[in-house]
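Undergrad: This structure is in structure tokens; I'll ask about it shortly.
Residue numbers (UniProt numbering): 1 to 317.
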């Protein structure tokens, strides 16, 4: 055995030995990170091309087909991802522009071409409905109608008939005037906003969707017992889906204004639009967590065209 040479007292960490350094077949492992790649070198490519040109051509053909299909999938995912402001425009969202008064979309619509839109002809201006207006018109007609000869025999028949014809003429003119006043097409943007809010309450309120949708509520947990809910005292105006729909109407109206010729200068409304989008994003995340397995969530997403871009990623406008 070769002799060992003791090291000095201060160099205990060193051990000198006369033995030869052991040589191994494996090299010393490097401390640099190992980078693995699936790409082959150009030399290997040329070798494979010479070795089997037909197989190499088939491999390249499969690779090109895969890349083309990957491009199509990426384009489809990008189209379905939508915009963080508009999402994907649906017919119900397009009907917000006319407050549900136009039956078809204009030729220059976002989805291309004219197509039918959902309407709400029963809604009128000044928070009125068509039934309320008809009742008020009938009441005013009966109150202002002159007496007939059957009701008062002392009246002159000719004069009573002239009064009745005059009343019918004035009533017809008043009816035309009321129709023009209460028509939402002649209203302002604020009137259309109030009408769209009423439409959202009718469309997404739980007092209607609980009876209309098959699986309106999410299924109960494993150890949960479904409890009967109290009867609503009126229309649902505060649920998450109603608030999301109302915010969508405001976002669309504000975004269309900012897309105008001078919208890039309106810094205040840009901030307002960003605030509305973030409020809708919070409500969508909450509803996804609570109602993702229910019909309410699916109906809301499909009707308003809300995509993952509206509630998953960071919104910067």
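Glycine included, every Cβ here is placed at the ideal spot set by N, Cα and C.
In terms of alpha-carbon separation, which member of 131, 68 and 98 lies closest to residue 253?
TA: Nearest C-alpha to residue 253: 98.
Undergrad: State yes or no: is the beta carbon of residue 290 nearer than 7 Å to at least one beta carbon in chain B?
TA: No chain B is part of this structure, which consists of one protein chain only.
Undergrad: Just to confirm the assignment, what range does the alpha helix (DSSP H) spanning residue 310 have?
TA: Unbroken run through residue 310: none, as it is neither H nor E.
Undergrad: Please classify residue 116: does DSSP put it in a helix, a strand, or coil?
TA: Reduced to three states, the DSSP call for residue 116 is strand.
Undergrad: Please report how far the alpha carbon of residue 147 lies from the alpha carbon of residue 160, in whole angstroms.
TA: Between residue 147 and residue 160, the C-alpha separation is close to 7 Å.
Undergrad: How is residue 324 classed by DSSP in three states: helix, strand or coil?
TA: In this structure the chain extends from 1 to 317, so residue 324 is not present and cannot be described.
Undergrad: Assign residue 195 to buried or exposed, taking buried as 16 or more other Cβ atoms, counted over all protein chains shown, within 10 Å of its Cβ.
TA: Counting Cβ neighbours within 10 Å, residue 195 comes out buried, since at least 16 surround it.
Undergrad: Name the residue from 81, 209, 222 and 223 whose alpha carbon lies nearest to the alpha carbon of residue 236.
TA: The shortest C-alpha separation from residue 236 is found at 209.
Undergrad: Determine the burial state of residue 311: buried for a count of at least 16 other Cβ atoms within 10 Å of its Cβ, exposed for fewer.
TA: So residue 311 ends up on the buried side.
Undergrad: Output the distance between the C-alpha atoms of residue 323 and residue 130, rounded to the nearest integer angstrom.
TA: With the chain running from 1 to 317 in the structure shown, residue 323 is simply not present.
Undergrad: Unbroken alpha helix (DSSP H) runs of length 4 or more, entirely within the region 122-150: which are they?
TA: As far as the region 122-150 is concerned, its whole alpha helix (DSSP H) runs of at least 4 residues are 130-144.
Undergrad: Would you give the residue range spanned by the alpha helix (DSSP H) that residue 227 belongs to?
TA: Segment: none, residue 227 is in no alpha helix (DSSP H) and carries neither H nor E.
Undergrad: Strictly by DSSP, which residues pair up with residue 87?
TA: In DSSP, residue 87 forms a bridge with 83.
Undergrad: Got a sec? Which residues, its chain only, sit under 8 Å from residue 104 by beta carbon, not counting five neighbours each side?
TA: So the qualifying residues of the chain are 114, 115, 116 and 117.
Undergrad: Whose C-beta lies closer than 6 Å to the C-beta of residue 48 among residues of the same chain, with five residues either side of it excluded?
TA: Only 56 meet the Cβ criterion.
Undergrad: What separation, rounded to the nearest whole angstrom, lies between the Cα atoms of residue 183 and residue 100?
TA: Going from the Cα of residue 183 to the Cα of residue 100 covers about 12 Å.
Undergrad: Counting C-beta neighbours from all protein chains within 10 Å, is the total for residue 260 16 or more, i.e. buried, or is it exposed?
TA: Exposed is the call here.
Undergrad: Please report the straight-line C-alpha distance between residue 125 and residue 301, rounded to a whole angstrom.
TA: Near 29 Å, if we compare the C-alpha coordinates of residue 301 and residue 125.
Undergrad: Would you say residue 255 and residue 93 are within 7 Å of each other, going by their C-beta atoms?
TA: Contact: no.
Undergrad: Give the secondary structure of residue 104 by DSSP, where H, G and I count as helix, E and B as strand, and everything else as coil.
TA: Strand, per DSSP.
Undergrad: For residue 316, which three-state DSSP category applies?
TA: The answer is coil: DSSP assigns residue 316 none of H, G, I, E or B.
Undergrad: How many angstroms separate the CA atom of residue 179 from the CA atom of residue 246?
TA: Looking at the two C-alpha atoms, the distance is approximately 27 Å.
Undergrad: Which residues mark the beginning and the end of the alpha helix (DSSP H) in which residue 240 is found?
TA: From DSSP, the alpha helix (DSSP H) with residue 240 extends over 240-258.
Undergrad: Residues in the same chain with beta-carbon distance under 6 Å from residue 199, minus the five sequence neighbours each way, listed in chain order, please.
TA: Cβ within range, chain order: 100 and 120.
Undergrad: By how many angstroms is the C-alpha of residue 154 removed from the C-alpha of residue 165?
TA: So the two alpha carbons sit approximately 19 Å from each other.
Undergrad: Using 7 Å as the threshold, is the C-beta distance between residue 285 and residue 244 below it?
TA: For residue 285 and residue 244, no; Cβs fall outside 7 Å.
Undergrad: Once you ignore the five residues that flank residue 308 on each side, which residues in its own chain have a CB closer than 7 Å to its CB?
TA: For residue 308, where only same-chain residues beyond five positions count, the Cβ hits under 7 Å are 81.
Undergrad: With distances taken between CB atoms, is the gap from residue 87 to residue 305 smaller than 7 Å?
TA: Their beta carbons are under 7 Å apart, which means residue 87 touches residue 305 by this criterion.
Undergrad: Among 276, 137 and 150, which residue has its Cα nearest to the Cα of residue 173?
TA: The residue with the shortest Cα to Cα distance from residue 173 is 137.
Undergrad: Using only the alpha-carbon positions, how far apart do residue 314 and residue 275 sit?
TA: Computed Cα separation, rounded: 13 Å.
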